[in-house]
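**Student:** Have a look at this one before I ask anything.
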Amino acid sequence: MGACLALCSVASCASCLCGSAPCLLCGCCPSSNNSTITRLVFSFFLLLGTLVSVIMILPGMETQLRKIPGFCQGGSAIPGFENQVNCDVIVGYKSVYRMCFAMTCFFFLFSAIMIRVRSSKDPRAAIQNGFWFFKFLILIGITVGAFFIPDGTFNTVWFYFGVVGSFIFILIQLILLIDFAHSWNKLWVANAEDGGSKGWFAGLLLFTVLYYALAFTAVVLFYVYYTQPDDCTEHKVFISLNLIFCVIISIVSILPKIQEAQPHSGLLQASLISLYTMYVTWSAMTNNPNRNCNPSLLSFVSNISTTEPSGDGIPGQVQWWDAQGIVGLIIFLFCTLYASIRSSSNTQVNKLMQTEEGGGSGGEGVVGEDGILRAVDNEEEKVSYSYSVFHFHLCLASLYIMMTLTNWYQPDTTTQAMQSDMPAVWVKMSSSWLGLGLYLWTLIAPLVFPDRNFN
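Here the sequence shown stands for residues -16 to -1, 1 to 439, where the numbers follow mature numbering (1 follows the signal peptide of the UniProt record, and there is no 0).
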């Protein structure tokens, strides 16, 4: 869907630069809702900024830029031209900070503008669903301005913004995974009951066993590689606690009273949450500055090693392509696209994410008088998602991307290098515990408040 949207938007840009989201729909996308198209386009903006950030942090990028005559300060010059660009700023972690700063400001601006939009009849809804060319210009303008921000304390201050925003986004990721697991379990159980086929139940059992097996394997590997007999006490506590918590939520999810109040709860959801919790635990341990407790996973299978910045003033040493960064990007892509097309029937998740049941997709495309296939405006009576909350979610996602690409390393203002730090470890572990608490709440809430509708 995302690739289809990108192709359609390019093909239609001549006639739709100032138009609405339905105008972006063409023949290769047979049907969709206005709300879905809009969310996908904004997500495409985020993914485009992520791609630019990845390119600018690639190793050797600064070396290649310095080969361009007259481009970088200190590089080769064309006679009669002065070097104007500080290539330190447009590559490495500094470029990631500024690119993500621009995306954060862009989405925060729209989050503020779209507060309390109730339906597509609100004049602000036209801004949400149209004027894509001008939105793109605004994003480019903010990005260009961000690269003129002097270093000073900007990198340090923005690092802490990134830590807080990423903490919240990790919780949102968990909410989306809970929603996905509930929807998945409900759909396959319904298919099995309606069709009388045991294959759906076998599929649920297979994935449940697979997720638990991966989570248990992760625990074993953590104890082997991320702990030492006389060191790494924090890691031992983290692994043991999260293992115990995962066992607790698994037992709670199949208790008779929970099953009675939440018929669609089960071990599939608990297994997926357990696996995600182990990923967050691993991600946290990879930020421990104690290298005895933090080996590089890629060094086990290749000659690549995660080297700590040596403090020689070169900011491009952060190796985002380490395993936890790659996995983090994959999960981010899944959650971002899922948030754009989701159509949840889980009441609690809908309340947390400020969406409406069944509002995600499924409309029938209509052909306008100009012959262009357009999406259905499914928000004339009521919006299917909170515009403001959606943009705030992308705002947090921008901060999460910044922290992921820089491995959660903290800028050193004295050496202009990067260093891992324990606050990142505690932020990630705290988010995993709070996330487990949120999932536990989705299980016991119907028992605590029996008069409320949690279907």
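Ideal Cβ placement from N, Cα and C applies to all residues, glycine included.
With distances taken between CB atoms, is the gap from residue 112 to residue 91 smaller than 9 Å?
**Tutor:** The sequence position of residue 112 within the sequence shown is 128, counting from 1. The sequence position of residue 91 within the sequence shown is 107, counting from 1. Not a contact, by the Cβ cut-off of 9 Å.
**Student:** I think residue 276 touches residue 212, with their Cβ atoms under 8 Å apart; what is that distance to the nearest whole Å?
**Tutor:** What you label residue 276 is simply residue 292 of the sequence shown in a count that begins at 1. What you label residue 212 is simply residue 228 of the sequence shown in a count that begins at 1. Indeed, because the Cβ distance is near 6 Å, the residues count as touching under 8 Å.
**Student:** Got a sec? Which residues, its chain only, sit under 6 Å from residue 37 by beta carbon, not counting five neighbours each side?
**Tutor:** Within the sequence shown, the letter at position 53 stands for residue 37. Same-chain partners within the cutoff: 80, 83 and 389.
**Student:** Is the beta carbon of residue 393 less than 9 Å from the beta carbon of residue 315?
**Tutor:** Within the sequence shown, the letter at position 409 stands for residue 393. Within the sequence shown, the letter at position 331 stands for residue 315. The answer is no: Cβ separation not under 9 Å.
**Student:** Let's test the definition: count the other Cβ atoms within 10 Å of the Cβ of residue 224 and tell me whether it reaches 16, buried, or not, exposed.
**Tutor:** Taking the sequence shown and counting its residues from 1, the one referred to as residue 224 is at position 240. When all chains shown are included, residue 224 counts as exposed.
**Student:** Which parts of the segment 203 to 291 are runs of the alpha helix (DSSP H), unbroken and 4 residues or longer, counting only runs that do not cross its ends?
**Tutor:** 217 to 237, 240 to 245 and 251 to 269
**Student:** Would you be able to state if there are at least three C-beta pairs under 8 Å between the segment 186 to 201 and the segment 249 to 268?
**Tutor:** yes
**Student:** Quick check: the Cα distance between residue 369 and residue 243, rounded to an integer number of angstroms?
**Tutor:** Numbered from its first residue, the sequence shown carries residue 369 at position 385. Numbered from its first residue, the sequence shown carries residue 243 at position 259. Residue 369 and residue 243 have their C-alpha atoms some 29 Å from each other.
**Student:** Would you tell me roughly how many angstroms separate the C-alpha atoms of residue 268 and residue 216, rounded to the nearest one?
**Tutor:** Position 284 of the sequence shown holds residue 268. Position 232 of the sequence shown holds residue 216. Roughly 13 Å separates the two Cα atoms.
**Student:** With burial defined as no fewer than 16 other Cβ atoms inside 10 Å of the residue's Cβ, what is the status of residue 425: buried or exposed?
**Tutor:** Taking the sequence shown and counting its residues from 1, the one referred to as residue 425 is at position 441. Exposed, by the Cβ-count rule.
**Student:** Residue 206 and residue 266: beta carbons closer than 9 Å?
**Tutor:** In the sequence shown, residue 206 corresponds to position 222, counting from 1. In the sequence shown, residue 266 corresponds to position 282, counting from 1. A contact, by the Cβ cut-off of 9 Å.
**Student:** Between the alpha carbons of residue 146 and residue 387, how many angstroms are there, rounded?
**Tutor:** What you label residue 146 is simply residue 162 of the sequence shown in a count that begins at 1. What you label residue 387 is simply residue 403 of the sequence shown in a count that begins at 1. Each residue's alpha carbon lies about 6 Å from the other.
**Student:** Per DSSP, which one or two residues make a beta bridge with residue 360?
**Tutor:** Position 376 of the sequence shown holds residue 360. Looking at the DSSP assignment, residue 360 forms a beta bridge with 17.
**Student:** Are residue 258 and residue 230 touching if we call contact CB-CB under 9 Å?
**Tutor:** For the purposes of this step, residue 258 is taken as the residue at position 274 of the sequence shown. For the purposes of this step, residue 230 is taken as the residue at position 246 of the sequence shown. Their beta carbons are under 9 Å apart, which means residue 258 touches residue 230 by this criterion.
**Student:** What is the DSSP secondary structure of residue 136, reduced to helix, strand or coil?
**Tutor:** The residue you call residue 136 lines up with position 152 of the sequence shown. DSSP places residue 136 in coil when its eight states are reduced to three.
**Student:** Out of curiosity, what's the CA-to-CA distance linking residue 375 and residue 214?
**Tutor:** Position 391 of the sequence shown holds residue 375. Position 230 of the sequence shown holds residue 214. Taking the straight line joining both Cα atoms gives about 47 Å.
**Student:** Using the C-alpha atoms, what's the distance from residue 165 back to residue 133?
**Tutor:** Counting from one through the sequence shown, the residue named residue 133 turns up at place 149. Counting from one through the sequence shown, the residue named residue 165 turns up at place 181. Rounded to the nearest angstrom, the two C-alpha atoms are 43 Å apart.
**Student:** Tell me which residue opens and which closes the alpha helix (DSSP H) that residue 99 is part of.
**Tutor:** Numbered from its first residue, the sequence shown carries residue 99 at position 115. Counting along the chain, residue 99 falls outside any alpha helix (DSSP H), and DSSP gives it neither H nor E.
**Student:** Pick out whichever of 318, 104 and 131 has its Cα sitting closest to the Cα of residue 17.
**Tutor:** Counting from one through the sequence shown, the residue named residue 17 turns up at place 33. Ranking 318, 104 and 131 by Cα distance to residue 17 puts 104 first.
**Student:** Would you grab the beta carbon distance between residue 233 and residue 371 for me? Rounded to a whole angstrom, and I think it's under 8 Å.
**Tutor:** Locating residue 233 in the sequence shown gives position 249, where the first residue counts as 1. Locating residue 371 in the sequence shown gives position 387, where the first residue counts as 1. Contact doesn't hold; Cβ gap of about 33 Å is too wide.
**Student:** Give a yes or no on whether the C-beta atoms belonging to residue 380 and residue 97 are separated by under 9 Å.
**Tutor:** Reading the sequence shown from its first residue, position 396 is the one you call residue 380. Reading the sequence shown from its first residue, position 113 is the one you call residue 97. Result no, Cβ atoms of residue 380 and residue 97 do not sit closer than 9 Å.
**Student:** With a 10 Å radius around its C-beta and 16 neighbouring C-beta atoms as the bar for buried, classify residue 130 as buried or exposed.
**Tutor:** As a position in the sequence shown, residue 130 is number 146, starting the count at 1. Buried, by the Cβ-count rule.
**Student:** When you compare only the Cα positions, how much space is there between residue 434 and residue 245?
**Tutor:** Here residue 434 refers to the residue found at position 450 when the sequence shown is read from its first residue. Here residue 245 refers to the residue found at position 261 when the sequence shown is read from its first residue. Between residue 434 and residue 245, the alpha-carbon positions lie close to 9 Å from each other.
**Student:** Which residue marks the beginning of the alpha helix (DSSP H) containing residue 108, and which one marks its end?
**Tutor:** For the purposes of this step, residue 108 is taken as the residue at position 124 of the sequence shown. Counting along the chain, the alpha helix (DSSP H) containing residue 108 begins and ends at 107 to 113.
**Student:** Does the Cβ-Cβ distance between residue 153 and residue 377 come in under 9 Å?
**Tutor:** What you label residue 153 is simply residue 169 of the sequence shown in a count that begins at 1. What you label residue 377 is simply residue 393 of the sequence shown in a count that begins at 1. Yes; because the gap between Cβ atoms is below 9 Å, this pair is in contact.
**Student:** What first and last residue would you give for the alpha helix (DSSP H) that runs through residue 119?
**Tutor:** Residue mapping note: residue 119 aligns to position 135 of the sequence shown, counting from 1. Segment 116 to 130, the alpha helix (DSSP H) holding residue 119.
**Student:** If you check the beta carbons only, do residue 24 and residue 237 fall under 9 Å apart?
**Tutor:** Indexing the sequence shown from 1 puts residue 24 at position 40. Indexing the sequence shown from 1 puts residue 237 at position 253. Against a cut-off of 9 Å, the Cβ pair of residue 237 and residue 24 comes out as no contact.
**Student:** Spatial neighbours of residue 431 within its chain, please: C-beta separation below 8 Å, excluding the five flanking residues on both sides.
**Tutor:** Counted from its first residue, the sequence shown places residue 431 at position 447. Hits under 8 Å: 241, 242 and 245.
**Student:** Of the choices 436, 31, 26 and 421, whose alpha-carbon is the least far from that of residue 228?
**Tutor:** Along the sequence shown, read from residue 1 onward, the residue named residue 228 stands at position 244. The shortest C-alpha separation from residue 228 is found at 421.
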